[in-house]
Amino acid sequence: MGSHKPNKHDPGGESARAGRRVHFAFGEDDTYVLCEMPDHPTAASVAIAIEAAGGLRVQVVPVLTPAEVDEATHRVTTYSPPGT
636 MGSHKPNKHD PGGESARAGR RVHFAFGEDD TYVLCEMPDH PTAASVAIAI EAAGGLRVQV
696 VPVLTPAEVD EATHRVTTYS PPGT
């Protein structure tokens with residue numbers, strides 16, 4: 636485990652080089668990667684490129700800031716469950 640060697644297959648490598656912060660975690664799935672992207676289309680394009688290269692399954696889950704949650708709670712949205 637001594638010295639760290641960069642992994643050419645690191646899915647966060649391009650994001651990190653582009654000045655984005657990348658965090659890793661592990662758990663039930665093999666690896667979780669938290670990437671801060673400027674917008675949803677950028678996140679989608681990175682996910683598409685990684686999936687297209689093969690070898691990894693990517694699932695994008697947007698994470699909201701407290702300000703975004705506040706904005707969402709002030710938007711008027713109605714919902715009725717099916718069958719009501």
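Okay, so the sequence shown: first residue is 636 according to the numbering used here, each after it adds one. Beta carbons are placed, not taken as given, at the ideal position from N, Cα and C, and that holds for glycine.
Met-672 to Glu-663, Cα distance in whole Å?
What you label residue 672 is simply residue 37 of the sequence shown in a count that begins at 1. What you label residue 663 is simply residue 28 of the sequence shown in a count that begins at 1. Roughly 24 angstroms between the two C-alpha positions.
Identity of the residues DSSP links to Phe-659 by a beta bridge:
Here the question's residue 659 lines up with position 24 in the sequence shown. Answer is Val-668.
Mind checking Val-681: buried by the 16 CB within 10 Å criterion, or exposed?
Residue 681 sits at position 46 when you count from the first residue of the sequence shown. Under this definition Val-681 is a buried residue.
Determine the contact status of Val-695 and Glu-686, defining contact as a CB-CB distance below 8 angstroms.
Walking along the sequence shown from the start, residue 695 turns up at place 60. Walking along the sequence shown from the start, residue 686 turns up at place 51. For Val-695 and Glu-686, no; Cβs fall outside 8 angstroms.
Kindly list the residues whose CB is nearer than 6 angstroms to the CB of His-709, restricted to its own chain and excluding five residues on each side of it in sequence; keep chain order.
For the purposes of this step, residue 709 is taken as the residue at position 74 of the sequence shown. Excluding residues within five positions, none has a Cβ falling inside 6 angstroms.
Straight-line Cα distance separating Leu-669 from Gly-689
To locate residue 689, count along the sequence shown from 1; it is residue 54. To locate residue 669, count along the sequence shown from 1; it is residue 34. If you take the alpha carbons of Gly-689 and Leu-669, they lie about 20 angstroms apart.
Any idea what DSSP makes of Asp-705, helix, strand or coil?
Here residue 705 refers to the residue found at position 70 of the sequence shown. Three-state DSSP puts Asp-705 in a helix.
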